[in-house]
Amino acid sequence: MWGRIRALVIKELLALLKDKTSRLMLIGPPLFQLLIFSYAATFDLNQVPYAVYNQDRGTASRELLASFQGSPAFKLKATLDHLGQVAPAIDKREVLLVINIPPDFSRQLLRGKPGDLQVLIDGRNSNTAMVLLSYVRTIVTTFSAKWAADHGWPSPPAELKVRTWFNPNLESRWFIVPGIVGLLTLVVALVVTALTVARERENGTFDQLLVTPLHPAEILLGKALPGILIGLAEGSIIILVAVKAFEVPLLGSLGALYLGMGLFILSAVGVGLMISSIAVTQQQALLGAFLFLVPAVILSGFATPIANMPVLVQKFTLLNPLRYFLVIIRSVFLEGADLELLLPLYWPMAVIGVVTLIIAGWLFRRRLY
Amino acid sequence: MNGGGWRRVKGLVRKEALQIMRDPSSIAIAFVLPALLLFIFGYGVSLDAKRVPLALVVEKSSPAASSLTADFYESQWFRPVRYGHIQAAQEAMRHRRVEGILWLRSNFASRLFTGGPAPIGLILNGVDGNTARIVAGYVDGVWSNWLVRYAAAQGRQLSLPVNVEQRIWFNPEVRSTNFLVPGLIAVIMTLIGALLTSMVVAREWERGTMEALLVTPVRLREILLGKLVPYFCLGMGGQILSVAMAVYLFEVPLRGSLAVLMGVSSLFLLAALGMGLLISTVAHNQFIAGQLAIFTTFLPAFILSGFIFDIGSMPGWVQTITHAIAARYFVAVLQSVFLAGDIWPVIWLNSLALAIMAAIFFALVRLRSRKRLE
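Quick mapping for you: the protein sequence lines, in order, are chains A and B.
Each residue of the first sequence is one higher than the one before, counting from 0 in numbering that gives the first Met the number 0.
Each residue of the second sequence is one higher than the one before, counting from 0 in numbering that gives the first Met the number 0.
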């Protein structure tokens with residue numbers, strides 16, 4: 000039995016890797032995308048173009064604006080002379096932020112009274128707007144505290160001291176890069192498996208395979224193992240690049256990480272083979288792959304937290320293997336989590352993998368037409 | 000093209016349409032895919048954290064501590080959970096049961112009484128930096144309100160030197176659905192365009208029917224046009240469905256004109272279909288075409304289009320690469336037309352880019368098809 004499976008695995012690997020185009024296809028895009036996406040996907044802002052409409056000629060406004068100019072997060076694009084220029088600058092997306100300082104700003108501050116500062120933000124991307132607002136508030140708070148101390152304002156009776164665990168600088172790259180490892184591993188596993196059975200069906204070779212002495216379970220293993228092998232190999236390369244090139248700290252144990260990755264790839268391969276055996280043509284298989292891939296990524300917590308979703312959708316995400324793997328990989332990388340803490344996340348992936356593989360094997364013989 | 004040319008194109012369109020009817024997967028791609036995906040995402044995707052689980056640790060109760068924690072219970076942003084001591088709260092955070100810990104030490108009330116400053120500790124889980132920043136902002140808001148009220152009750156006037164008045168344009172209630180849904184339309188249309196066409200030409204090459212077609216009097220450009228017309232109609236159907244769902248189901252305001260939206264959408268669809276045709280022509284068979292489609296469409300459109308991650312904050316060389324992603328231009332137009340209105344400078348520039356991309360794709364398709372025959 001094992002001899003037959005080995006032969007089948009070798010044949011599948013050859014089909015995937017024999018010519019140069021197919022080999023390039025499996026190695027080039029994932030690494031290239033890891034590199035680009037890791038730099039691209041961040042919620043942190045820098046060099047945000049902004050404009051200033053300063054009606055005040057005093058020292059306070061100059062000091063405040065200097066701290067904006069000194070910050071790498073902001074880049075001064077224009078100094079406006081009248082109110083009419085504000086709307087066009089934001090509308091045309093020339094600037095994301097306009098700082099409007101009224102004429103009495105410095106006078107108020109020197110008199111010991113609060114001065115008003117108006118900030119106008121382009122809300123077309125409301126997340127960018129919120130992040131931008133928090134940056135503005137940080138700069139203004141620092142300025143306020145310094146001004147209050149220098150000019151003898153009364154100090155507040157209590158102060159908030161914020162400490163952040165696991166990612167002290169709130170670098171979103173630390174959050175995103177492990178996420179991209181999960182994304183790309185999923186894509187590779189799907190690319191390897193989702194079209195294989197459909198291709199053989201379309202070409203008629205699958206019927207030939209079914210009339211051989213091979214048991215459907217053997218065919219299933221022969222189709223699944225190459226996907227798991229390639230997935231693990233690529234996953235390892237991607238993790239290596241994430242640690243070495245992007246310097247994301249890997250605090251936890253490799254054993255916990257690989258157990259998670261193995262089970263995740265098992266479930267992804269299971270889903271891929273199930274899609275492939277439901278489909279009659281390769282076009283249908285491709286449609287199926289997207290119908291799984293896109294919701295799996297968007298509802299995984301990769302970019303938008305699962306906790307923000309409605310309860311019904313949150314329940315639905317329990318079927319998504321990527322959801323579990325993202326928590327595992329982020330916890331192992333950043334929190335140094337161990338096996339015990341992650342145990343509740345391992346078994347759902349194993350269940351998804353086994354169930355989908357069984358359905359795929361069952362469909363091998365049921366769909367003969 | 001003369002009269003015969005048009006007749007031949009008509010025949011090809013008819014043949015392609017019949018093929019579409021026979022295999023329901025194309026119709027599923029054009030209508031079921033956008034409806035299903037928009038439905039899931041429109042409801043599922045949100046960056047607005049609500050009812051964040053927050054651990055409260057009060058080591059020694061006092062009137063001041065009670066009034067502060069009461070504010071957290073009343074806030075719509077938090078779901079406070081009480082813990083007896085800090086170790087229990089930290090354990091809960093390690094198990095991801097809470098997103099943060101607000102910690103009032105035993106000396107809080109006495110320090111407050113003696114004029115302070117009394118420390119209030121906030122510990123956040125920084126793994127998801129974006130959420131942590133949002134939660135910190137919410138805590139800061141609740142806390143500052145409490146502080147001003149507390150000072151006023153003590154007969155002191157508390158004021159910070161600078162008063163920030165914020166105005167978020169186009170989306171004042173910062174509802175993330177308003178920008179995510181238009182962006183999702185661009186991602187979904189990218190998929191539809193590529194899915195519809197990436198397999199069709201590869202299939203004909205694989206089966207040898209392409210060579211058969213080419214020995215007939217039909218010209219190459221007529222074949223391509225025959226492929227394009229039916230899928231363009233299907234894709235526009237999907238686009239109309241998506242816009243209708245955005246406006247009526249998700250209540251995203253459409254401030255610009257529908258005509259502009261549809262005009263730019265058709266340009267984008269041409270570019271997306273052109274990319275699918277190019278994949279189909281470059282690949283030697285459907286298998287490779289399918290793999291290419293999975294790799295080159297969804298993730299680039301998702302991450303590099305500016306739909307969720309701000310392009311201006313990416314490193315320069317990555318920004319250059321984003322110019323090769325058609326969805327980037329479409330996202331810019333969609334977000335503007337939906338939320339801001341018909342901002343012509345934004346529309347013209349991005350439409351021009353889309354037209355150029357579509358032209359390049361079709362030129363490449365023609366070039367590569369001719370090469371394959373030699």
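Cβ atoms here follow ideal geometry from the backbone N, Cα and C, with glycine treated the same way.
This one's a predicted model, so the numbers in the text were calculated from it and none came from an experiment.
Neighbourhood of residue i by C-beta, 8 Å cutoff - its chain only, sequence neighbours within 5 removed
i	result
ILE355(B)	none
PHE231(B)	SER265, LEU268, LEU269, LEU272
VAL312(A)	LEU298
LEU291(B)	SER197, ILE278, VAL281, ALA282
LEU317(A)	PRO347
ALA362(A)	Going by the sequence as given, residue 362(A) is Leu instead of Ala. Cβ neighbours of LEU362(A) beyond the five flanking positions: MET273, SER276, ILE277.
ILE218(A)	LEU7, LEU208, LEU209, GLY360, PHE363
LEU212(B)	GLU203, ILE222
HIS322(B)	ALA352
ILE351(A)	SER266, GLY269, VAL270, LEU318, PRO320
Sequence-distant residues of its chain with Cβ nearer than 6 Å to residue i (five each side left out)
i	result
SER60(B)	none
LEU67(B)	TRP145
LEU7(A)	GLY221
MET348(A)	LEU262, PHE263, SER266, PRO320, TYR323
ALA300(B)	VAL186, THR189, ALA326
ARG7(B)	VAL217, GLU221
TYR368(A)	Low confidence applies here, because TYR368(A) scores a pLDDT of 49, under 50, leaving its location unreliable and the question unanswered by this model.
VAL176(A)	SER37, ALA241, PHE245, VAL247
ALA40(A)	ILE175
Nonlocal neighbours in the same chain, by C-beta distance under 7 Å from residue i, ignoring five residues either side
i	result
LEU12(A)	PRO225
GLN238(B)	MET188, SER264, LEU268
LEU17(B)	none
PHE308(B)	ILE302
LEU35(B)	none
LEU253(B)	VAL246, PHE337
Whole-angstrom C-beta distance between residue j and residue i, which should lie under 8 Å
i	j	result
ILE327(A)	GLY259(A)	4 Å
ASP43(A)	GLU170(A)	7 Å
PRO33(B)	LEU240(B)	6 Å
VAL270(A)	LEU15(A)	Between LEU15(A) and VAL270(A) the Cβ distance is about 18 Å, and since that is not below 8 Å, they are no contact.
LEU213(A)	ARG22(A)	Actually they are not in contact, since the Cβ atoms of LEU213(A) and ARG22(A) sit about 27 Å apart, beyond 8 Å.
ALA54(B)	ALA91(B)	6 Å
SER133(A)	LEU194(A)	In fact, because the Cβ distance is near 45 Å, the residues do not count as touching under 8 Å.
ILE100(B)	VAL134(B)	Going by Cβ atoms, the distance from ILE100(B) to VAL134(B) rounds to 11 Å, so no, they are not a contact pair.
GLY340(B)	GLY255(B)	5 Å
TRP173(A)	LEU333(A)	6 Å
VAL161(A)	ALA255(A)	At roughly 30 Å, the Cβ-Cβ gap does not stay under 8 Å, so VAL161(A) and ALA255(A) are not in contact.
LEU119(A)	TRP5(B)	Their Cβ separation, rounded to whole angstroms, is 54 Å, which puts LEU119(A) and TRP5(B) out of contact at 8 Å.
PHE375(B)	LEU353(B)	This structure cannot settle anything about residue 375(B), because the visible part of chain B is limited to 0 through 373.
VAL161(B)	VAL139(A)	5 Å
GLU375(B)	ARG110(B)	Residue 375(B) lies beyond the residue range present for chain B, which begins at 0 and ends at 373; the question has no answer from this structure.
VAL293(A)	PHE306(B)	With a Cβ gap of about 13 Å, VAL293(A) and PHE306(B) do not count as contacting.
Which residues DSSP lists as bridging residue i, in chain order
i	result
ALA54(B)	VAL80(B), ILE100(B)
TYR168(B)	Residue 168(B) is actually Trp in this sequence, not Tyr. Note: TRP168(B) sits in a beta bridge opposite ASP121(A).
VAL312(A)	In the DSSP output, where bridge partners are listed per residue, VAL312(A) has none listed.
ASN319(A)	For ASN319(A), which the question treats as bridged, DSSP gives no partner whatsoever.
LYS49(B)	Looking at the DSSP assignment, LYS49(B) forms no beta bridge with any residue, so it has no partner.
LYS160(A)	GLY120(B)
ALA288(A)	Partner(s): none; ALA288(A) has no beta bridge.
ILE37(B)	The sequence shown places Leu at residue 37(B), not Ile. BP columns for LEU37(B) are empty, so no partner.
ASN129(B)	In DSSP, ASN129(B) forms no bridge with anything.
VAL281(B)	DSSP, once it has assigned bridges, lists no residue as partnering VAL281(B).
ASN177(B)	DSSP lists no partner for ASN177(B).
Residue i CB to nearest heavy atom of the ligand FAD below 8 Å
i	result
LEU341(A)	Among the components modelled here there is no ligand, and therefore nothing to report on the ligand FAD.
Segments assigned alpha helix (DSSP H), at least 4 residues, entirely inside the region 165–220 of chain A: Qualifying alpha helix (DSSP H) stretches, in chain order: 171–192, 195–202, 204–210.
Ranges of the beta strand (DSSP E) found wholly within the region 90–156 of chain A, counting only runs of at least 3: Segments of the beta strand (DSSP E) lying fully in the region 90–156 of chain A: 96–100, 114–121.
Segment contact, 8 Å Cβ cut-off, at least three pairs: the region 76–93 of chain A with the region 20–33 of chain A: Contact between the region 76–93 of chain A and the region 20–33 of chain A is absent, because fewer than three Cβ pairs lie under 8 Å.
Contact the region 192–204 of chain B vs the region 146–154 of chain A: 3+ CB pairs below 8 Å: Not touching, per the Cβ criterion.
Three CB pairs or more closer than 8 Å across the region 42–50 of chain B and the region 165–175 of chain B: Flag = yes, the region 42–50 of chain B and the region 165–175 of chain B touch.
contact_flag[the region 135–144 of chain B, the region 178–194 of chain A] where n(CB pairs < 8 Å) is 3 or more: Contact between the region 135–144 of chain B and the region 178–194 of chain A is absent: fewer than three C-beta pairs spanning the two stretches fall below 8 Å.
Validate contact between the region 215–234 of chain B and the region 308–319 of chain B using beta carbons, cut 8 Å, 3 pairs: Cβ pair count under 8 Å is below three, so no.
Meets three-Cβ-pair contact criterion under 8 Å: the region 334–349 of chain B and the region 61–70 of chain A: Of all C-beta pairs linking the region 334–349 of chain B to the region 61–70 of chain A, fewer than three are shorter than 8 Å, placing the two stretches out of contact.
Cβ pair count under 8 Å reaching 3, the region 69–76 of chain A against the region 45–52 of chain A: Three or more beta-carbon pairs separated by less than 8 Å link the region 69–76 of chain A to the region 45–52 of chain A, which places the two stretches in contact.
4 or more residues per run - each alpha helix (DSSP H) lying fully within the region 17–84 of chain A: Whole alpha helix (DSSP H) segments, 4+ residues: 19–39, 58–68.
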